[in-house]
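Residue numbers (mature numbering (1 follows the signal peptide of the UniProt record, and there is no 0)): -18 to -1, 1 to 225. The structure under discussion appears below in the form of structure tokens.
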């Protein structure tokens, strides 16, 4: 009888006051629950349009979208991207060429502000494995307007110890750069493009061919053990929220 009376009271409260209280005689919301709550038979839908219910310290319930946790919390790492060089490319001294495989596109939605942290690794050597070869150049990070954002120095040379020699030994470079993209006041989404390029500065060799090569497989190197990825160019991008 108690349950029936309470249910009747609840229904009357809903009609008269448009508010329902469970375990409370004075509801302050449309539905005011004082106590534990249990929900059975929750849908197992795989829809992308899923919201989460959250409770503040006063017990108020509100919904947030799934993207809130990956895109809206300031300082949170929201995504990680990894790119690896593909085809080898030769670059003549004084020239610049894009590094195949290291082109990155990222879309920032309107109202968002992001930090992109780039980590770039690269190696270079002379195209021709001639004795006495040495050279230098830079790996650069460029945007879609071909503006250089940052760069890192790389070189190669012979290593001679007594009568032993390592030809064209590369000295890999690793460098980082933080890029802030602010679309917090934008009215539409924007897409940014970032490309890694290599510029050959100089080559000293007895061979007439002074070209340099990146994204190479060191199959001719002493000790090579099918390490096909060891000297490929690589780039990692960490995306952080700033909203």
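Quick reminder that beta carbons are idealized off the backbone N, C-alpha and C, glycines included. Just so it is clear, the structure is predicted and the values come from calculations on it, not from any experiment.
(1) Can you tell me which residues form a DSSP beta bridge with residue 164?
(2) Could you check whether residue 218 and residue 158 sit closer than 7 Å to each other, using their CB atoms as the reference points?
(3) Which residues does DSSP pair with residue 159 in a beta bridge?
(4) In its own chain, which residues sit with a C-beta less than 6 Å from the C-beta of residue 199, not counting the 5 before and 5 after it?
(5) Using the Cα positions of residue 4 and residue 20, report the straight-line distance between them to the nearest angstrom.
(6) For residue 1, collect the residues of the same chain with a Cβ closer than 8 Å to its Cβ; drop the 5 residues on either side in sequence, then sort them by chain order.
(7) If you run the structure through DSSP and keep just helix, strand and coil, what is residue 129?
(8) Is any beta-carbon of chain D found at less than 7 Å from that of residue 151?
(9) So, for residue 202: in the same chain, excluding its five sequence neighbours on each side, which residues have a beta-carbon less than 8 Å away from its beta-carbon?
(10) Would you mind giving the Cβ-Cβ distance between residue 156 and residue 103, rounded to the nearest angstrom? I have them listed as a contact below 8 Å.
(11) In this structure, what does DSSP give as the bridge partners for residue 42?
(12) Report back the beta-carbon spacing between residue 185 and residue 194 to the nearest angstrom; my notes put them in contact at under 8 Å.
(13) Given this structure, state the Cα-to-Cα distance separating residue 182 from residue 205, to the nearest angstrom.
(14) For residue 176, count neighbouring Cβ atoms within 10 angstroms of its own Cβ and tell me buried if that reaches 16, exposed if not.
(15) Considering just the uninterrupted stretch of the beta strand (DSSP E) at residue 87, what are its terminal residues?
(16) Between which residues of its own chain and residue 208 is the CB-CB distance below 6 Å, once the five residues before and five after are set aside?
(17) Leaving out five residues on either side along the sequence, give the residues of the same chain with a beta carbon under 6 Å from the beta carbon of residue 17.
(18) Give the secondary structure of residue 217 by DSSP, where H, G and I count as helix, E and B as strand, and everything else as coil.
(19) Could you compute how far the alpha carbon of residue 92 sits from the alpha carbon of residue 166?
(20) From residue 89 to residue 174, what distance separates their C-alpha atoms?
(21) By a C-beta neighbour count over all protein chains shown, 10 Å radius and 16 as the cutoff for buried, is residue 225 buried or exposed?
(22) Opposite residue 1 in the DSSP bridges: which residues?
According to the data block:
(1) Your numbering for residue 164 matches position 182 in the chain shown. Answer by DSSP bridge pairing, in chain order: 95.
(2) Counting from one through the chain shown, the residue named residue 158 turns up at place 176. Counting from one through the chain shown, the residue named residue 218 turns up at place 236. For the 7 Å CB-CB criterion, residue 158 and residue 218 do not form a contact.
(3) The sequence position of residue 159 within the chain shown is 177, counting from 1. In the DSSP assignment, the residues bridged to residue 159 are 100.
(4) For the purposes of this step, residue 199 is taken as the residue at position 217 of the chain shown. Within the same chain, and ignoring the five residues on either side of residue 199 in sequence, the residues whose Cβ sits closer than 6 Å to its Cβ are 210.
(5) To locate residue 4, count along the chain shown from 1; it is residue 22. To locate residue 20, count along the chain shown from 1; it is residue 38. Rounded to the nearest angstrom, the gap between the Cα atoms of residue 4 and residue 20 is 13 Å.
(6) Walking along the chain shown from the start, residue 1 turns up at place 19. Hits under 8 Å: -6, 9, 10, 11, 12, 13 and 14.
(7) Start at 1 with the first residue of the chain shown, and residue 129 comes out as number 147. In this structure, residue 129 counts as coil in the three-state DSSP scheme.
(8) You won't find chain D in this structure, because it holds only one protein chain.
(9) The count along the chain shown starts at 1 and reaches residue 202 at position 220. Same-chain partners within the cutoff: 111.
(10) The residue labelled residue 156 in the question sits at position 174 within the chain shown. The residue labelled residue 103 in the question sits at position 121 within the chain shown. At roughly 5 Å, the Cβ-Cβ gap stays under 8 Å, so residue 156 and residue 103 are in contact.
(11) Here residue 42 corresponds to residue number 60 of the chain shown, with the count starting at 1. Beta-bridge pairing links residue 42 to no other residue.
(12) Walking along the chain shown from the start, residue 185 turns up at place 203. Walking along the chain shown from the start, residue 194 turns up at place 212. That pair is a contact at about 6 Å.
(13) Here the question's residue 182 lines up with position 200 in the chain shown. Here the question's residue 205 lines up with position 223 in the chain shown. Rounded to the nearest whole angstrom, the CA to CA distance from residue 182 to residue 205 is 27 Å.
(14) Within the chain shown, residue 176 is the residue found at index 194, counting from 1. In summary, residue 176 is buried, with 16 or more beta-carbon neighbours lying within 10 Å of its beta-carbon over all protein chains present.
(15) Numbered from its first residue, the chain shown carries residue 87 at position 105. Taken as a continuous stretch (DSSP letters only), the beta strand (DSSP E) holding residue 87 covers 78 to 90.
(16) Against the chain shown, residue 208 aligns to sequence position 226. Here residue 208 has no same chain residue with a Cβ atom under 6 Å from its own Cβ, once five neighbours each way along the sequence are excluded.
(17) On the chain shown, position 35 is the one that residue 17 refers to. Within the same chain, 5 come within 6 Å of residue 17 by CB-CB distance, once the 5 residues on both sides are set aside.
(18) The residue you call residue 217 lines up with position 235 of the chain shown. In the three-state scheme derived from DSSP, where H, G and I count as helix and E and B as strand, residue 217 is classed as strand.
(19) Counting from one through the chain shown, the residue named residue 92 turns up at place 110. Counting from one through the chain shown, the residue named residue 166 turns up at place 184. Spanning the two alpha carbons is a distance of roughly 6 Å.
(20) In the chain shown, the residue the question calls residue 89 occupies position 107. In the chain shown, the residue the question calls residue 174 occupies position 192. Going by the C-alpha atoms only, they are around 6 Å apart.
(21) Numbered from its first residue, the chain shown carries residue 225 at position 243. Exposed.
(22) For the purposes of this step, residue 1 is taken as residue 19 along the chain shown, with counting starting at 1. Residue pairing from DSSP leaves residue 1 without any beta-bridge partner.
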